[in-house]
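Note that the numbering used here has the sequence shown beginning at 48, numbered continuously upward. Positions of the beta carbon are idealized from the N, C-alpha and C atoms, including for glycine. Since the structure is predicted, the reported quantities are computational estimates derived from the model, not experimental observations.
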Amino acid sequence: MAHDEALDSFLAEQPPKLHRSDRRLARAMREAYPIGVPALIMKSSTDRLGESAGYAFHLGTPDELLRRIASWLLTNAGDDQRVLLRLVGRLWGRHGREDVALAALLLANLDHVALGVDPWAVLASSTRSSEPAEALLLSIEELLRAGREMP
Numbered sequence: 048m049a050h051d052e053a054l055d056s057f058l059a060e061q062p063p064k065l066h067r068s069d070r071r072l073a074r075a076m077r078e079a080y081p082i083g084v085p086a087l088i089m090k091s092s093t094d095r096l097g098e099s100a101g102y103a104f105h106l107g108t109p110d111e112l113l114r115r116i117a118s119w120l121l122t123n124a125g126d127d128q129r130v131l132l133r134l135v136g137r138l139w140g141r142h143g144r145e146d147v148a149l150a151a152l153l154l155a156n157l158d159h160v161a162l163g164v165d166p167w168a169v170l171a172s173s174t175r176s177s178e179p180a181e182a183l184l185l186s187i188e189e190l191l192r193a194g195r196e197m198p
């Protein structure tokens with residue numbers, strides 16, 4: 048089974064009620080990250096990269112798979128994206144490379160007008176006093192790519 052098919056199969060198996068809880072979504076996303084990741088050949092290099100960048104963990108999930116996961120989350124959220132907004136903060140809090148990247152993708156693509164939030168304020172409130180530069184740059188890049196105005 049191809050990596051994309053394995054991920055699609057995993058996501059299709061998730062119950063619809065999963066989208067009612069940011070905790071359950073975060074747990075499911077942690078399970079989804081390794082799907083499609085090359086075998087442990089890359090393990091030592093991803094460990095070193097994650098450690099040097101200041102992440103809590105780095106599984107080596109390709110960006111294209113993270114984008115597929117973000118698309119699935121946004122599609123299945125329906126009209127109410129409040130759970131996804133809470134998920135952004137939860138993902139930042141876990142401090143994994145995949146979590147930060149997924150949080151950036153979600154934050155950039157949420158309907159901020161409907162949620163009544165400023166994406167830059169959400170980003171600022173999610174960060175701690177010390178963050179990996181890569182994480183901040185990734186979030187800023189995704190927000191700008193999505194057409195969000197700089198503050």
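When the five nearest sequence neighbours on each side are left out, the beta carbons in the same chain lying within less than 6 Å of the beta carbon of PRO166 are those of LEU154, HIS159, LEU190 and ARG195, in order along the chain. Taking the Cα of ALA151 as reference, the smallest distance to any Cα among ILE116, SER177, GLY163 and ARG71 is reached at ILE116.
DSSP places GLY143 within a strand segment (E or B) once states are collapsed to three. DSSP places GLU196 outside any alpha helix (DSSP H), giving it a letter other than H or E. Bounds of any alpha helix (DSSP H) do not take in THR108, whose DSSP letter is neither H nor E. Distance check between THR108 and each of PRO81, ALA124, ARG67 and VAL147 places PRO81 closest, using alpha-carbon atoms only. LEU72 places its beta carbon less than 7 Å from that of LEU134. Shown here, ILE187 sits in a helix according to DSSP, grouped into three states. Going by DSSP, HIS159 is part of the alpha helix (DSSP H) stretching over 159-162. In the DSSP assignment, LEU72 falls within the alpha helix (DSSP H) that extends over 69-79. With respect to the 7 Å criterion, LEU149 and LEU162 are not classified as neighbours on the basis of their beta carbons.
Taking all protein chains shown into account, GLY143 has 16 or more neighbouring C-beta atoms within 10 Å of its C-beta and is therefore buried. Secondary structure note for VAL169: its alpha helix (DSSP H) is the uninterrupted segment 166-173.
With 16 or more other Cβ atoms inside 10 Å of its own Cβ, SER173 counts as buried.
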